[in-house]
Every structure is written in structure tokens, then in C-alpha cells.
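Beneath this line is the structure, given in C-alpha cells, with notes to follow.
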Amino acid sequence: MRIRMKHLVRSLYLRRDKIWHIYRSTEVQNKAKDKSITNFPNLKPEDFDYEYVYKFVDEWIQKKYNNKLGFYY
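In this note's numbering, the protein residues as written are 4 to 76.
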């Protein structure tokens, strides 16, 4: 079975609501108060650029998996 990379990225990894939910989680927001972390991002929902995140996840998947696993573009 061959899986299109675009489908994988969009359906499994990229859902803005999930990304926003994780960003707003208590664990992540507690890190915002940590003084050892500088430049913690203060984001709003409109800050999530779908195309940028798509390219980032696409590159990450390409590095992690190879063509032998059945992914194609």
C-alpha cells in the first residue's frame, strides 16, 4: 500500500486545533513562566501558518522515513 505524503501530513500530523490545544496545555504554558527559557513564543491562533507547518512536517517525515516504507509524493 502506497501512501501519499500530502495525505499523511494533512490528516495525521496537521490539525490546527490539535496544535493549538497542545500549545495552550498547562505543561507548555508552565514553560512560559520558566525564567531559564528565553524568547518563549506568545502565539495567537492566526499565527499558525498552515503552509509553513506543512513544509516543516513534510521535511521531518522525509528525514525520518524513507521510500522503502511506501511513502511517495
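Where is the CB? At the ideal position from N, CA and C, for every residue including glycine.
With a contact defined as Cβ atoms closer than 8 angstroms, Y26 and L46 qualify at about 6 angstroms. Rounded to whole angstroms, the separation of the alpha carbons of V56 and I64 is 12 angstroms. For D50, the secondary structure class from DSSP, reduced to helix, strand or coil, is helix. In its chain, beyond the 5 residues on either side, A35 have a beta carbon closer than 6 angstroms to the beta carbon of F43.
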